[in-house]
Amino acid sequence: MIHAPFSCILLSCLISISVHQYCSNFKDMDSASGGDNGNEESATTSEGGFKPRDDHLAVLMSLGFSKNAATRGLYYTGNYNADLAAAWIIENEDKDINAPFEADAEDSDDSEDDYIPDGVDFYKMVFVVNSEFSMGVGKVAAQVAHSALGLHRVLLENPQKYGQMLMSWEQFGETKIVVKGDNTSQLLGLAAKANTMDLPNYLVQDAGRTQIEPGSITCLGIMGKIDQVDSVTGSLKLL
């Protein structure tokens, strides 16, 4: 079993992850560029079989995904990074996700010829849920949704600054990850760090109608380039 049930529930409350759009976009761009992006690490071995990147595989397995699921996720997202693979696994969870992986037996139409185009920046949203409060599943889902909407409004209100970021995020997968924060102090610290890096972010303060006190900080949403966001939230575990 995949050890990320909350992530599955919460992510389904947000915009669905456009993995098939991600793959087709790469395929179109690859066709236009002649099919060679010059990446140093290919998604295949010299013998033609699929070889997942060891660093991405290690990250995915540390998040609780099985080796077979992690390999399958990397296969279907171009072997690019752990975030996109994790999003694919969560979106495509079924009874066979942990079955032994054989590339030759997989439907490779959407993955075998996909390449990452040069010069493309990839972005993601990360939502940090404050585990200091005893919130039910529905309450947590609502807080993450509030954070997603609030963060999206921040981006829309400043198109000159964030327009390209938003377009790239929408075009290449709309990656969203939900992680666990320890307490209010930690969320405030993460928000402060995001501000110093000029990363758009949004803190949710609950109205206090159910379960927790008014004004309680329940969730932090941050968006930016994958490596920049990882420098802020990379040590946190999936919820």
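Numbered by mature numbering (1 follows the signal peptide of the UniProt record, and there is no 0), the letters in the sequence shown go through residues -21 to -1, 1 to 218 in order.
Backbone N, C-alpha and C fix where the C-beta goes; we use that ideal spot for every residue, glycine too.
Keep in mind that this is a model prediction, so the values were computed, not measured.
Please determine, among the options, the residue with the shortest C-alpha to C-alpha distance to residue i.
i	options	result
V157	A171, S110, S147	S110
M176	R188, T212, E192	T212
L128	L199, P193, V208, S147	L199
L130	A61, P179, K30	P179
E70	E153, Y181, Q165, D185	E153
L182	N60, N77, Q139, V123	V123
F44	Q143, G28, I76, F151	I76
M144	S164, K46, M114, M104	M104
K172	Q207, M114, N162	Q207
D209	N47, G28, N60, D33	N60
I191	G142, G115, W148	G115
K140	W67, P193, A121, G203	G203
S195	N174, S164, L215, S214	S164
According to DSSP, simplified to helix, strand and coil, what is residue i?
i	result
Q184	strand
I76	coil
G203	strand
D7	The pLDDT assigned to D7 is 44, lower than 50, so where the model puts this residue is not dependable, and the model offers no usable value.
K172	helix
V119	helix
I191	coil
K140	helix
T50	helix
Y59	coil
L217	strand
M114	coil
V99	coil
T212	helix
Check whether the Cβ atoms of residue i and residue j sit closer than 8 angstroms, and answer yes or no.
i	j	result
G52	A65	yes
I201	D62	no
S126	F106	yes
F160	V108	Before going on, a small fix: residue 160 reads as Gly here, not Phe. Against a cut-off of 8 angstroms, the Cβ pair of V108 and G160 comes out as a contact.
P31	T56	no
I42	L217	Residue identity differs from the one stated: residue 42 is Leu in this sequence, not Ile. Yes; because the gap between Cβ atoms is below 8 angstroms, this pair is in contact.
Please report the Cβ distance between residue i and residue j, rounded to the nearest whole angstrom; I am assuming they are in contact, meaning their Cβ atoms lie under 8 angstroms.
i	j	result
T197	F112	7 angstroms
Taking its Cβ as the centre, do 16 or more other Cβ atoms sit within 10 Å of residue i, making it buried, or is it exposed?
i	result
N58	buried
V119	buried
L135	exposed
L166	buried
A78	exposed
D185	buried
K155	buried
S12	Confidence at S12 is low in this model, with a pLDDT of 42, below 50, so its placement is unreliable and no value can be given for it.
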